[in-house]
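Asks:
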Amino acid sequence: MSKQVAVILSGCGVQDGSEIYETTLTLLRLDQLGIGYRCFAPNIDQHDVIDHRTGDVQGEARRNVLVESARLARGDAQPLEELEADEFDAVILPGGFGVAKNLSTFAEDGADLVIQAGLREALADFHEDRKPIGLMCIAPVMVPRLLGPGIAVTIGHDPSVAGAISAMGGLHRSCSVEDIVVDFENRVVTTPAYMLATRIGEAATGIFKLVDRVDELMDL
1 MSKQVAVILS
11 GCGVQDGSEI
21 YETTLTLLRL
31 DQLGIGYRCF
41 APNIDQHDVI
51 DHRTGDVQGE
61 ARRNVLVESA
71 RLARGDAQPL
81 EELEADEFDA
91 VILPGGFGVA
101 KNLSTFAEDG
111 ADLVIQAGLR
121 EALADFHEDR
131 KPIGLMCIAP
141 VMVPRLLGPG
151 IAVTIGHDPS
161 VAGAISAMGG
171 LHRSCSVEDI
181 VVDFENRVVT
191 TPAYMLATRI
201 GEAATGIFKL
211 VDRVDELMDL
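Numbering follows our numbering, in which position 168 of the sequence shown is assigned residue number 168; successive positions increment by one, without gaps.
#1: If you follow the alpha helix (DSSP H) that G36 is in, where does it begin and where does it stop?
#2: With respect to the alpha helix (DSSP H) encompassing D89, which residues constitute its N-terminal and C-terminal limits?
#3: What separation, rounded to the nearest whole angstrom, lies between the Cα atoms of H222 and I165?
#4: Taking its Cβ as the centre, do 16 or more other Cβ atoms sit within 10 Å of A122, making it buried, or is it exposed?
#5: Less than 8 Å separating the beta-carbons of G206 and V177?
#6: Under 8 Å by Cβ, that's how I've got I155 and I138 pegged, so tell me the actual separation to the nearest angstrom.
#7: Could you tell me the distance, in whole angstroms, from the CA atom of G96 to the CA atom of R130?
#8: Determine the burial state of Q46: buried for a count of at least 16 other Cβ atoms within 10 Å of its Cβ, exposed for fewer.
#9: Could you give the first and the last residue of the continuous beta strand (DSSP E) run that contains A6?
#10: Just list the beta strand (DSSP E) runs in the stretch 54 to 86, keeping only unbroken ones of 3 residues or longer that don't cross its boundaries, in chain order.
#11: Out of K3, E22, A6, which has the shortest C-alpha to C-alpha gap to F208?
#12: If you drop the 5 nearest sequence neighbours on each side, which residues of the same chain put their C-beta closer than 7 Å to that of I200?
#13: Do the stretch 75 to 94 and the stretch 51 to 60 make contact, defined as three or more Cβ pairs closer than 8 Å?
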């Protein structure tokens with residue numbers, strides 16, 4: 001596999017980590033295209049631990065983002081600090097509330113969000129080298145803070161999240177669940193995924209389009 005993509009995770013489970021379907025669909029499409037991938041995550045405690053059956057916060061329970069991300073990667077997840085952009089042709093970030101809790105503080109701070117330090121450093125190198133960056137679900141909300149203002153992204157059409165993106169200097173574009181938004185100048189590709197999806201097939205269509213476009217941009 002000549003092309004290699006880094007996939008950045010934020011735990012395991014939609015309410016406190018990476019969205020499992022979004023991650024699996026991303027890895028599936030990369031494999032179908034013959035693209036190699038490696039998964040990375042910050043080696044930090046999760047913001048909180050959620051009982052996914054009830055939605056309740058599990059009090060004093062603690063979990064590690066890297067350890068939980070390894071569940072999704074069948075054990076093969078590396079610390080985010082080991083991610084070297086020059087070893088990869090692109091990077092993709094699945095969504096899930098872990099993005100808003102563990103990779104950033106968006107869940108608590110909205111447009112005043114702070115990005116996890118290691119993530120900012122990792123993405124800066126990809127952006128500087130003009131390597132494609134794919135983000136899905138809630139992850140595009142981080143783009144103005146990660147990559148700078150004026151970059152077109154989508155999270156679907158949620159007015160509050162779109163407003164936060166605009167407040168940070170980003171450009172939000174409304175988008176259906178099965179489509180993507182591409183900022184060709186900045187080589188950023190986004191799709192709503194489970195910000196809008198009601199079933200896995202809907203999410204798959206947009207995610208596959210995102211991975212396909214990232215693949216195309218790697219050739220340009």
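We put the beta carbon where it would ideally sit given N, CA and C, even for glycine.
Replies: According to the structure shown:
#1: Numbered from its first residue, the sequence shown carries residue 36 at position 36. Looking at the DSSP string, G36 is not in any alpha helix (DSSP H); the run it does join, the beta strand (DSSP E), is 36 to 41.
#2: Numbered from 1 along the sequence shown, position 89 holds the residue referred to as residue 89. That residue, D89, is in no alpha helix (DSSP H); it is neither H nor E in DSSP.
#3: In the structure displayed, the chain extends from 1 to 220; residue 222 sits before or after that span and is not available.
#4: Counting from 1 along the sequence shown, the entry for residue 122 is found at position 122. Counting the other Cβ atoms within 10 Å of the Cβ of A122 gives 16 or more, which makes it buried.
#5: On the sequence shown, residue 206 is found 206 positions in, with the first residue counted as 1. On the sequence shown, residue 177 is found 177 positions in, with the first residue counted as 1. Cβ distance < 8 Å, so G206 and V177 count as in contact.
#6: Taking the first residue of the sequence shown as 1, we reach residue 155 at position 155. Taking the first residue of the sequence shown as 1, we reach residue 138 at position 138. The pair is a contact, with the Cβ atoms about 6 Å apart (cut-off 8 Å).
#7: To locate residue 96, count along the sequence shown from 1; it is residue 96. To locate residue 130, count along the sequence shown from 1; it is residue 130. Between the alpha carbons of G96 and R130 lies a gap of roughly 26 Å.
#8: As a working note, residue 46 is residue 46 in the sequence shown. Looking at its Cβ environment, which holds 16 or more other Cβ atoms inside 10 Å, Q46 is buried.
#9: If you number the sequence shown from 1, residue 6 lands on position 6. It spans 4 to 8 - the beta strand (DSSP E) in which A6 sits, taken as one unbroken run.
#10: As far as the stretch 54 to 86 is concerned, its whole beta strand (DSSP E) runs of at least 3 residues are 77 to 79.
#11: The sequence position of residue 208 within the sequence shown is 208, counting from 1. If we check each option's Cα against that of F208, E22 comes out closest.
#12: As a working note, residue 200 is residue 200 in the sequence shown. Taken in chain order, the residues that qualify are Y21.
#13: Segments in contact, no.
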